[in-house]
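Since the structure comes first, as structure tokens, the remarks are kept for the end.
2 protein chains.
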Amino acid sequence: MNQRIVLSRRPVGWVDESCFRIEPCAEPECGAEDVLLQALYLSTDPYLRGRMNAGPSYAPGFELGRPIVSRVVARVIASRHARFRAGDLVWGFLDWAERCVVPRGEGLHRIDPSLGRASQFLSVLGMPGLTAWVGAIEIGRPAPGDTVYVSSAAGAVGQLAGQFAKRAGARVVGSAGSAHKVDFLLQRCGFAAAFDHRSVDIDEALQTHCPRGIDLYFDNVGGRTLEAALRHANVAARIAVCGMISAYNDTTDAGIRGLQAVLTQRIQLTGFIIYDHVHKLPAYQARVAPWLRSGELVFHEDIVPGFENAPAALIGMMKGEAIGKRLVQVAPE
Amino acid sequence: MNQRIVLSRRPVGWVDESCFRIEPCAEPECGAEDVLLQALYLSTDPYLRGRMNAGPSYAPGFELGRPIVSRVVARVIASRHARFRAGDLVWGFLDWAERCVVPRGEGLHRIDPSLGRASQFLSVLGMPGLTAWVGAIEIGRPAPGDTVYVSSAAGAVGQLAGQFAKRAGARVVGSAGSAHKVDFLLQRCGFAAAFDHRSVDIDEALQTHCPRGIDLYFDNVGGRTLEAALRHANVAARIAVCGMISAYNDTTDAGIRGLQAVLTQRIQLTGFIIYDHVHKLPAYQARVAPWLRSGELVFHEDIVPGFENAPAALIGMMKGEAIGKRLVQVAPE
Chain Y
1 MNQRIVLSRR PVGWVDESCF RIEPCAEPEC GAEDVLLQAL YLSTDPYLRG RMNAGPSYAP
61 GFELGRPIVS RVVARVIASR HARFRAGDLV WGFLDWAERC VVPRGEGLHR IDPSLGRASQ
121 FLSVLGMPGL TAWVGAIEIG RPAPGDTVYV SSAAGAVGQL AGQFAKRAGA RVVGSAGSAH
181 KVDFLLQRCG FAAAFDHRSV DIDEALQTHC PRGIDLYFDN VGGRTLEAAL RHANVAARIA
241 VCGMISAYND TTDAGIRGLQ AVLTQRIQLT GFIIYDHVHK LPAYQARVAP WLRSGELVFH
301 EDIVPGFENA PAALIGMMKG EAIGKRLVQV APE
Chain H
1001 MNQRIVLSRR PVGWVDESCF RIEPCAEPEC GAEDVLLQAL YLSTDPYLRG RMNAGPSYAP
1061 GFELGRPIVS RVVARVIASR HARFRAGDLV WGFLDWAERC VVPRGEGLHR IDPSLGRASQ
1121 FLSVLGMPGL TAWVGAIEIG RPAPGDTVYV SSAAGAVGQL AGQFAKRAGA RVVGSAGSAH
1181 KVDFLLQRCG FAAAFDHRSV DIDEALQTHC PRGIDLYFDN VGGRTLEAAL RHANVAARIA
1241 VCGMISAYND TTDAGIRGLQ AVLTQRIQLT GFIIYDHVHK LPAYQARVAP WLRSGELVFH
1301 EDIVPGFENA PAALIGMMKG EAIGKRLVQV APE
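From first to last, the protein sequence lines stand for chains Y and H.
Residue numbering for the first sequence follows the numbering used here, beginning at 1 and increasing consecutively.
Residue numbering for the second sequence follows the numbering used here, beginning at 1001 and increasing consecutively.
Take a look at the structure:
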């Protein structure tokens, strides 16, 4: 029997499992021009938190009683559309269901297996990777010798943002939420320094690890971390605002203090959303795939097996328990 | 007898006249290679507030007991340096004194009277004008049809920022602190709409006057006005942060709420300080002088006569009592 995961309750503050319901649903039939898919991997993403609210975020809100939607890698089981054949690997925005049909295959992107593994099209070869590239390189413009600070640095985007900035000649410093993540950044990702933001004073840590100040801050979290980065920003610093996860579950909106540094240090603070940049994906994939094959670029995926574990996997990702990109594996490749 | 104005006390919160002392000082002598100057106009500027603090701002702090320094237009009374002759008009960063000497004329810029009146080299042909140009045009990049909102719009910078954006085809909306200033924006500066921020709810006013949202916000004030602009910002809006005068006299640092809009609307917030752009001044003056002569560009100066009135003139400017650029006239041209 097919199953799906729906939004059963809108969260207030932190998400918990009562916000989701796993329910049986009809086995989809492959009608004329349909493409029938078996889900392989579900992407868990911080921005999904915003879509669980009723109000508008930068993507439309999920409806109560209707499935969660995210990027999904799937295998074509059957196709009655000329563009797809059984066995093809694809990705697209799909309902969280084990199997589904997509009329005319609309919105599906074919995966080129020569570039990388299927799961990587949700991670290093997909939107998290392109997000890191746009923020760290296009917006951040790191120069050789710059100090680059990345928060949530052991996350799907952060680990790559730091590595891309390092390739551009910058000295990269990361923060993350556990000693294990800090080890990952130092041992695997080649960060020059890293610290556990849960066990240190962030101002002291930035003073220690960024003694010449911050030229680029890749902001995944907002809040008190953004305030600290503003205090340590150099003249002409760039802040690429990729996420403000600290605000997503915050119902108080305390405000960002010290924004005067934007003026005194001539800072450029640029928010970006990867939807505006998806046309750059093929060029990005072509650039990065060789670095993946050669091992120059490290990328960690945290794959949780079992469709029914998707709500817990998403919640845990939001609480910071994953290293790298967290995916839910629905079926074997 | 010569006189000067010194910083007698550092302000906490708002500046008052007890922060200044007018005192007699020696009549300067024109030694070898010196240039002896008679001050004509003193510039009063919001950034001077920051220099009255002990801590670092983007310019070094004034010393207690030492003269206030700002841009000053002066006439050369005597010169023992080859670059200057008696009768020349110059501007530079000078002590607030009726007369002074400048060794080797260092830091003095000669004024070309064919471009405009002497006072205008502290206003429309000087840093306030260039500030408006850099923020409204270079950073703001207004497109035809864009909605541009300018706060402190009747100030030295704001009135020009709005007019420059209008010349680029934008629809310009301004806010200012009195009905008289609003009239000035509508009747003299050609703003499409303007409102008195002291007598309306700013969100309602922005809703009314910027019904299609804000594409460029030229921010002179920060604080609650910046928060409101963030709430009304369109996707891809630019915010040129020129001043945060609301914070200069604020000892609480309440924080800016709603900065998440930077992410959801992909806003670019860019702080700038005109010191970084002074090399553009000659090209700017050459561009703008014809518009001044033809009357296409309106510029209002508020000239307070009398050296001894400089402290009150500065304080009043900070409290918003002037329209346009406030100058203190020390001597007739």
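In this text, a Cβ means the ideal position worked out from N, Cα and C, and glycines have one as well.
The structure displayed is predicted, hence computed values, not measured ones.
- For the set Gly190(Y), Ile5(Y), Pro11(Y) and Arg85(Y), the Cα lying nearest the Cα of Arg49(Y) is the one of Pro11(Y).
- Taking C-alpha positions only, Leu37(Y) is separated from Ala74(Y) by approximately 6 Å.
- A Cβ of chain Y is located within less than 7 Å of the beta carbon of Gly1271(H).
- Here Tyr1149(H) is bridged, per DSSP, to Val1173(H) and Tyr1217(H).
- The secondary-structure analysis by DSSP pairs Phe1093(H) across a beta bridge with Arg1071(H).
- Ranked by Cα distance from Ser1114(H), the first of Ala1194(H), Gln1285(H) and Ile1303(H) is Gln1285(H).
- The Cβ-Cβ distance between Val72(Y) and Ala118(Y) does not fall below 7 Å.
- Here Leu259(Y) carries a coil assignment [DSSP, helix/strand/coil].
- Nearest Cα to Ala1312(H) within the set Phe1062(H), Glu1204(H), Met1001(H) and Ser1018(H): Ser1018(H).
- Identification of residues in the stretch 1-14 of chain Y having a C-beta nearer than 8 Å to some C-beta of chain H yields an empty set.
- The secondary-structure analysis by DSSP pairs Asn1002(H) across a beta bridge with Cys1025(H).
- With a minimum length of 3 residues, the unbroken runs of beta strand (DSSP E) contained wholly in the stretch 259-284 of chain Y fall at 268-271.
- Per DSSP, reduced to three states, the secondary structure at Leu40(Y) is strand.
- For Gln187(Y), no beta strand (DSSP E) encloses it, and the DSSP letter there is neither H nor E.
- With its beta carbon at least 7 Å from every one in chain Y, Met1318(H) lies outside the interface.
- Gly255(Y) reaches chain H at Ala1254, Gly1255, Ile1256 and Arg1257, counting residues in chain order whose Cβ is nearer than 7 Å.
- Just so you know, the alpha carbons of Gln1159(H) and Gln1187(H) end up roughly 12 Å apart.
- By alpha-carbon distance to Asp1203(H), the top candidate from Tyr1149(H), Val1172(H), Val1235(H) and Ala1153(H) is Tyr1149(H).
- Judged by beta-carbon spacing, Thr147(Y) lies beyond the 7 Å limit of Met317(Y), meaning their Cβ atoms are not closer than that value.
- Ile1139(H) sits away from Ala1229(H), with the two beta carbons spaced by 7 Å or more.
- In the DSSP assignment, Asp1196(H) falls within the beta strand (DSSP E) that extends over Ala1193 to Asp1196.
- Ranking Gly1105(H), Gly1258(H), Pro1060(H) and Glu1063(H) by CA distance to the CA of Arg1080(H) puts Gly1105(H) first.
- Gly223(Y) sits in a helix when the DSSP states are folded into three classes.
- Listed in chain order, the non-local C-beta contacts of Asn220(Y) below 7 Å within the same chain comprise Ser151, Ser152, Gly155, Val157, Gly158, Cys242, Gly243 and Ile245, local neighbours out to five positions each way being set aside.
- It is roughly 24 Å from the alpha-carbon of Trp1014(H) to the alpha-carbon of Phe1272(H).
- Only exposed fits Lys319(Y), as fewer than 16 other CB atoms lie within 10 angstroms of its CB.
- Here Arg49(Y) carries a helix assignment [DSSP, helix/strand/coil].
- Within chain Y, Leu263 have C-beta atoms less than 8 Å from the C-beta of Gly1243(H), given in sequence order.
- A residue is called buried when at least 16 other Cβ atoms come within 10 angstroms of its Cβ; Ala1097(H) meets this threshold and is buried.
- Annotated as proximal: Phe1195(H) and Ala1205(H), with beta-carbon spacing under 7 Å.
- For Arg1266(H), the closest Cβ of chain Y is nearer than 7 Å.
- Going by DSSP, Leu327(Y) is part of no alpha helix (DSSP H) but of the beta strand (DSSP E) stretching over Lys325 to Gln329.
- In this structure, the CA atom of Asp16(Y) is about 54 Å from the CA atom of Pro1128(H).
- Non-local C-beta neighbours of Ala54(Y) in its own chain, meaning closer than 7 Å and more than five positions away in sequence, comprise Arg10 and Gly61, ordered along the chain.
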